[in-house]
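> Provided herewith is a single structure, encoded as structure tokens, for subsequent inquiry.
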Amino acid sequence: MSSTLDKMVLVFTSSNWQQWHTAMQAYLRAQGQWFIFSTPCPADETESWDEHNEKVLGNYPRTGPLNTIGNITLHMSPLIQSTIANLATVKEVWDHLKDNYGLPSISSTYAELNCLLTTTIPAGSHPAPTITKMLSNFTYLKDAGFNFPALVQAMIILCKLPPTMKVVAQILSQTA
Numbered sequence: 257m258s259s260t261l262d263k264m265v266l267v268f269t270s271s272n273w274q275q276w277h278t279a280m281q282a283y284l285r286a287q288g289q290w291f292i293f294s295t296p297c298p299a300d301e302t303e304s305w306d307e308h309n310e311k312v313l314g315n316y317p318r319t320g321p322l323n324t325i326g327n328i329t330l331h332m333s334p335l336i337q338s339t340i341a342n343l344a345t346v347k348e349v350w351d352h353l354k355d356n357y358g359l360p361s362i363s364s365t366y367a368e369l370n371c372l373l374t375t376t377i378p379a380g381s382h383p384a385p386t387i388t389k390m391l392s393n394f395t396y397l398k399d400a401g402f403n404f405p406a407l408v409q410a411m412i413i414l415c416k417l418p419p420t421m422k423v424v425a426q427i428l429s430q431t432a
């Protein structure tokens, strides 16, 4: 099962944070490792022993953080792997990635806008996948600080309809 999941998470290349972090969170949840972000590690070895000198770890697996960091690292480009090599905890790694790559750059924002504006809805197929992709573009642009009102989004989508569906745009404009 994990090899199938591995293929579903893209390699993080610094420009695909928006898609990668969502897929990586889902992957870590599926692996049972996402809880490590919110579960404190036992602070001290002396606090990890009970009155019978038996190790007490509760629900916190000792290898959990290392496995999680390993899984995150394996889904990154080598250049980004080198930037997190000295970070010790999963939270430090995730916060570093979010702080450094979480906000879209102007070039990636332009590329997303260009993709949105050059998208066309194919005439011979159902428009839902293309409209979903366009809505994804709008969400990315909103995260980058470029918010399109819902009416503008609707007008852009209607402009992208193929000639065979222009009747839909006319009907909608007459009823609005």
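No gaps in the numbering here: position 169 of the sequence shown is 425 in the working numbering, and each next residue is one more. We put the beta carbon where it would ideally sit given N, CA and C, even for glycine.
Can you tell me where the alpha helix (DSSP H) with residue 413 in it begins and where it stops?
Where residue 413 is concerned, the enclosing alpha helix (DSSP H) stretches over 406 to 415.
> For residue 276, which residues of its own chain have a beta-carbon under 6 Å away from its beta-carbon, when the five flanking residues on both sides are left out?
These residues qualify, in order along the chain: 266 and 268.
> Pick helix, strand or coil for residue 402, following the three-state DSSP scheme.
Coil, per DSSP.
> Measure the C-alpha to C-alpha separation of residue 383 and residue 334 and round it to an integer number of angstroms.
Approximately 38 Å, taken between the alpha carbons.
> Taking the CB atoms as reference points, tell me whether residue 357 and residue 270 lie closer together than 8 Å.
Yes. Within cutoff.
> From what residue to what residue does the alpha helix (DSSP H) around residue 267 run?
Counting along the chain, residue 267 falls outside any alpha helix (DSSP H), and DSSP gives it neither H nor E.
> Just to confirm, are residue 331 and residue 280 a CB contact at a threshold of 8 Å?
Yes. Within cutoff.
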